[in-house]
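Comments concern the structure below.
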Ligand SMILES: Nc1ncnc2c1ncn2[C@@H]1O[C@H](COP(=O)(O)OP(=O)(O)OP(=O)(O)O)[C@@H](O)[C@H]1O
Ligand SMILES: [Mg+2]
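Residue numbers (the numbering used here): 51 to 370.
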């Protein structure tokens, strides 16, 4: 890790034979007596995108703040690029790019100045920083906004500037806390395209999101946490298959015929009184069984999604 090459801004990381970029073991974060994160362990492999999902207050931000050194661990170990974070943080941080949950840009500076000043924290020479800043703004579709002050930007533009800024040191590990919150569909798709192209070049990504379509599209693996603990981890499609199945039927105001069928077949379901959600595997043949009933037009037949997994595992109760 001490092989950080400040001259050209790239970190020469000795490749970990296991290809593991990040190894988090038994992470714990206490705020006073309150355990925001309890015994969280996961790995992130080189070139992989790992998604941390969970309801509001689940402990996602608290977890990744420990990973990017913003918040000290109460206990646990973190190895990044094969090095223990407690001993090698100064070198490790040069290889990490961070987009925090908040748009923490300097409002008194222009967009370009924000990127250039940030580059100086990594000892990137000014000329090189200016070049990278221009390239990154173009990469994020903001080339016409370099001279704007931050206060002149829309919320969605600020978000894209924060993502651009996170790339200024050409990180090997990119950490994104809700990167696309507040973005319109066009911008969100643009960010997804950019993140996919970065990952294709070998960048490793750790992200949190509340958008299940984003997680399904971008992430190779997911860790779902709640109340500071891991509920499950796995590949998005495997989690759907394992925890929900393949098909879902949603019925509005289910009548006795539907309830009887669900009961007789022992189908897994959630009864929300005015709405019943029925989950089935391939063998349950939900579509074959429910299509003839048509449920008086009140049935919706659809494919199981990650959102179903999320709600099945974390419940439907609102968080504080
Ligand atoms: N500095 C702090 N002091 C005390 N409690 C905190 C602090 N930061 C976070 N918490 C608490 O820790 C828990 C986890 O918060 P965290 O911000 O990690 O959640 P999150 O999963 O990122 O949620 P969200 O989806 O809303 O961003 C919450 O109960 C929160 O109130
Ligand atoms: Mg958060």
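C-beta atoms are modelled at their ideal positions from N, C-alpha and C, and glycine is treated no differently. As the structure is a computational prediction, the values presented were derived from the model and not from experiment.
Just how far apart, CA to CA, sit residue i and residue j?
i, j, result
"residue 62", "residue 221", "Reliability of the predicted coordinates at residue 62 is poor, the pLDDT of 43 falling under 50, and no value is obtained from them."
"residue 229", "residue 149", "7 Å"
"residue 111", "residue 258", "8 Å"
"residue 276", "residue 131", "27 Å"
"residue 337", "residue 297", "8 Å"
"residue 357", "residue 262", "6 Å"
"residue 156", "residue 294", "45 Å"
"residue 362", "residue 92", "22 Å"
"residue 280", "residue 273", "7 Å"
"residue 216", "residue 147", "4 Å"
"residue 315", "residue 305", "16 Å"
"residue 247", "residue 90", "29 Å"
"residue 369", "residue 104", "11 Å"
"residue 189", "residue 232", "19 Å"
"residue 184", "residue 193", "7 Å"
Is it buried or exposed for residue i, if we count other Cβ within 10 angstroms and need 16 for buried?
i, result
"residue 144", "buried"
"residue 133", "buried"
"residue 171", "exposed"
"residue 287", "exposed"
"residue 201", "exposed"
"residue 365", "exposed"
"residue 102", "buried"
"residue 197", "exposed"
"residue 165", "buried"
"residue 283", "buried"
"residue 265", "buried"
Based on the DSSP secondary-structure assignment, which residues constitute the bridge partners of residue i?
i, result
"residue 147", "224"
"residue 284", "272"
"residue 321", "326"
"residue 298", "329, 352"
"residue 254", "223"
Specify, as a first and last residue, the run of the alpha helix (DSSP H) that residue i falls within.
i, result
"residue 189", "176–189"
"residue 206", "205–216"
"residue 241", "235–250"
"residue 309", "306–315"
Locate the beta strand (DSSP E) running through residue i, then write down its first and last residues.
i, result
"residue 85", "84–95"
"residue 74", "70–81"
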